[in-house]
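Position in the sequence shown counted from 1, then plus 1, gives you the working numbering. Comments concern the structure below.
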Amino acid sequence: MKYNSKNSMLCVCICFFAMQEITAQRLMPSDKKATKETVNLYNNIKKLSAKGFMVGHQDDLAYGVNWKYEKGRSDIKDITGDYPAVYGWELGGIELGHKKNLDEVPFDQMKQFIKQGYERGGVITISWHASSPFGFEKGAWDTTHGTVTTVIPGGVNHELYKAWLDKVAAFIGSLKGSRGEAIPVLFRPFHEHTGSWFWWGKNECSEAEYKTLWRFTFNYLTTQKKLHNILWIFNTGGDFKTKEEYLERYPGDDVVDMLSFDTYQNGDPQKSDWFVKNTNSRLAMIGQIAAEKNKLFALAETGFEAIPYEKWWTETLLKAIGDNKIAYVLLWRNHGYQESTKRMHYYAPYKGQISEKDFLKFYNLEITQFEKQVAKANLYK
Ligand code: BMA
């Protein structure tokens, strides 16, 4: 092409619109100072979710149904030869200065597991069953009405709450990759708030109080503690009926990056399709909200305790997700036999478990993303 002023004008215009397109597509986390790796993760998860969803597992590297703390082991890897793409970890107990979390995972080991998962290219998500300042015995499950009022600014437990956040911040701030960079985490505090089983639940505080609790926590950790490696996940139970209901306690677009809810299979999936229908329609609902708000969405906790149905993965979970372009689905922890409930408590299969074959089928689908595939996508670059 011959160079003339008309051509160069055209070039400038094309570049201008191309740049605009790129900036329009680029997602910015709610924390305006989010680190490069955090911004990259946010955008790369979005790209990845167009092709398929990541599969995650709580406490995956710490223990499984028949083992505890064996180097490199994972129940999911025992079956597939691959790790989950998302690693869920839990901070409950850290606020009290405990060395282990409420499920007995030592925080110093958790830190190492987080680094390992991150270095391999996986994604880290953190939940926090924060204890109630009134109920150390019942912990997060102490539903004394009005607890939230006491921890937000002006409340009698506000200083205590700040001291708790300092401990959370020290942990999240200590997560560093091999170049000294902060490891990005998807933080999901005050989860399942549409239920009434935690002290931050629906019947335990007002909408305004919940929002204040969230916004205070966001501001304290980002501004005061200068943590810029967090993507913030808003999370309800699976019991909302409308978009309006889902958003009742939504604290604002400026403090949330991802929308999610938790839901579990109950009863026999071969007799009733409520889990498939319920989950699918609610994911569609939050997917619409996420699209309107230019945010991501996920199924942040799910599973079928002890997986008694051998085809639950391809016949139930896969259908429940359907064509919703979720970022990830996280299976809850593989505790094994639980004395308190006198039941087996696990949500991912282990070698020999009846749904093992179907899980492998699920693994081999193009739409499901485990660590090897996700590592190729270089989520932090
Ligand atoms: C629940 C159960 C409990 C556990 C808690 C917090 O769903 O798995 O055993 O203590 O989550 O991780």
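Just so you know, even glycine gets a beta-carbon here, dropped at the ideal spot from N, CA and C.
Taking just the CA atoms, how far does residue 131 sit from residue 94? Each residue's Cα considered, the two are about 7 Å apart.
Which of the three DSSP states, helix, strand or coil, is assigned to residue 91? Strand.
Quick check for students: name the residue ranges of the beta strand (DSSP E) that lie wholly in the stretch 241 to 271, counting only runs of 3 or more. DSSP runs (the beta strand (DSSP E)) wholly in the stretch 241 to 271: 259 to 263.
In chain order, what residues of the same chain have a beta carbon less than 7 Å from the beta carbon of residue 201, not counting five sequence neighbours either side? Counting only Cβ-Cβ distances below 7 Å, and skipping sequence neighbours, we find 149, 191, 194, 211 and 214.
Can you grab the Cα-Cα spacing for the pair residue 32 / residue 256, in whole Å? Each residue's alpha carbon lies about 7 Å from the other.
If we call anything under 8 Å between Cβ atoms a contact, is residue 114 one with residue 329? Their beta carbons are not under 8 Å apart, which means residue 114 does not touch residue 329 by this criterion.
Using 8 Å as the Cβ pair cut-off and three pairs as the minimum, do the stretch 315 to 323 and the stretch 66 to 81 touch? With a cut-off of 8 Å, the stretch 66 to 81 and the stretch 315 to 323 do not count as touching, because too few Cβ pairs lie within range.
List in chain order: all unbroken alpha helix (DSSP H) runs of 4+ residues lying wholly within the stretch 71 to 134. Whole alpha helix (DSSP H) segments, 4+ residues: 76 to 81 and 108 to 120.
Is residue 94 a contact residue of the ligand BMA, with contact defined as CB to any heavy atom under 7 Å? The beta carbon of residue 94 sits no closer than 7 Å to any heavy atom of the ligand BMA.
Considering only their Cβ atoms, is the gap separating residue 372 from residue 60 smaller than 8 Å? Contact annotation: residue 60 and residue 372 have beta-carbon atoms that are not nearer than 8 Å.
Limits of the unbroken alpha helix (DSSP H) element including residue 174: Counted as a single uninterrupted DSSP element, the alpha helix (DSSP H) harbouring residue 174 occupies residues 159 to 174.
Here's the rule I'm using: 16 or more other beta-carbon atoms within 10 Å means buried, otherwise exposed. How should residue 2 be labelled? Because the pLDDT at residue 2 is just 44, under 50, the model does not fix this residue reliably, and the value given afterwards should be weighed accordingly. Residue 2 comes out exposed.
Using the Cα positions of residue 308 and residue 219, report the straight-line distance between them to the nearest angstrom. Cα to Cα, the separation comes out at about 36 Å.
Does the stretch 114 to 129 come within contact of the stretch 181 to 188, defined as at least 3 CB pairs closer than 8 Å? The stretch 114 to 129 and the stretch 181 to 188 touch, with no fewer than 3 CB-CB distances between them shorter than 8 Å.
Which value, in whole angstroms, describes the spacing of the CA atoms of residue 197 and residue 180? Just so you know, the alpha carbons of residue 197 and residue 180 end up roughly 43 Å apart.
Contact between the stretch 288 to 295 and the stretch 329 to 345 is defined here as three or more beta-carbon pairs at a separation below 8 Å; is this criterion met? The stretch 288 to 295 is not in contact with the stretch 329 to 345.
When you compare the CB positions of residue 65 and residue 85, do they come within less than 8 Å of one another, or not? Not a contact, by the Cβ cut-off of 8 Å.
Looking at the unbroken alpha helix (DSSP H) that takes in residue 345, where does it start and where does it end? For residue 345, no alpha helix (DSSP H) segment is defined; the enclosing uninterrupted segment is the beta strand (DSSP E) at 344 to 346.
Contact belief for residue 47 with residue 28 at Cβ below 8 Å, rounded distance in angstroms: Confirmed, Cβ separation roughly 6 Å.
Counting only runs that start and end within the stretch 319 to 370, where is the beta strand (DSSP E) found for 3 or more residues in a row? With a minimum length of 3 residues, the continuous beta strand (DSSP E) runs that stay inside the stretch 319 to 370 are 329 to 332, 337 to 339 and 344 to 346.
Given a threshold of 16 other Cβ atoms within 10 Å of its Cβ, counted over all protein chains shown, does residue 344 qualify as buried or as exposed? Answer is exposed; the Cβ neighbour count stays below 16.
Distance between residue 97 and residue 302 (C-alpha atoms, nearest Å): Cα to Cα, the separation comes out at about 25 Å.
Tell me whether the beta-carbon of residue 89 lies closer than 8 Å to the beta-carbon of residue 50. No, the Cβ-Cβ distance between residue 89 and residue 50 is not below 8 Å.
Using the Cα positions of residue 223 and residue 36, report the straight-line distance between them to the nearest angstrom. If you take the alpha carbons of residue 223 and residue 36, they lie about 11 Å apart.
Does the beta-carbon distance from residue 347 to residue 337 come in below 8 Å? In contact: residue 347 and residue 337 (Cβ atoms closer than 8 Å).
Distance CB(residue 276)-CB(residue 314) smaller than 8 Å: No. Outside cutoff.
Around the C-beta of residue 146, are 16 or more other C-beta atoms found within 10 angstroms, so that it is buried, or is it exposed? Counting every other CB atom within 10 Å of its CB across the protein chains shown gives residue 146 a total below 16, marking it as exposed.
Bridge partner(s) assigned by DSSP for residue 64: The beta-bridge partner set that DSSP reports for residue 64 consists of 69.
Do you know how far the Cα of residue 125 is from the Cα of residue 378? The straight-line gap from Cα to Cα measures roughly 15 Å.
Closest residue to residue 370 among 70, 81 and 39 (Cα-Cα distance): Among 70, 81 and 39, the Cα nearest to that of residue 370 belongs to 81.
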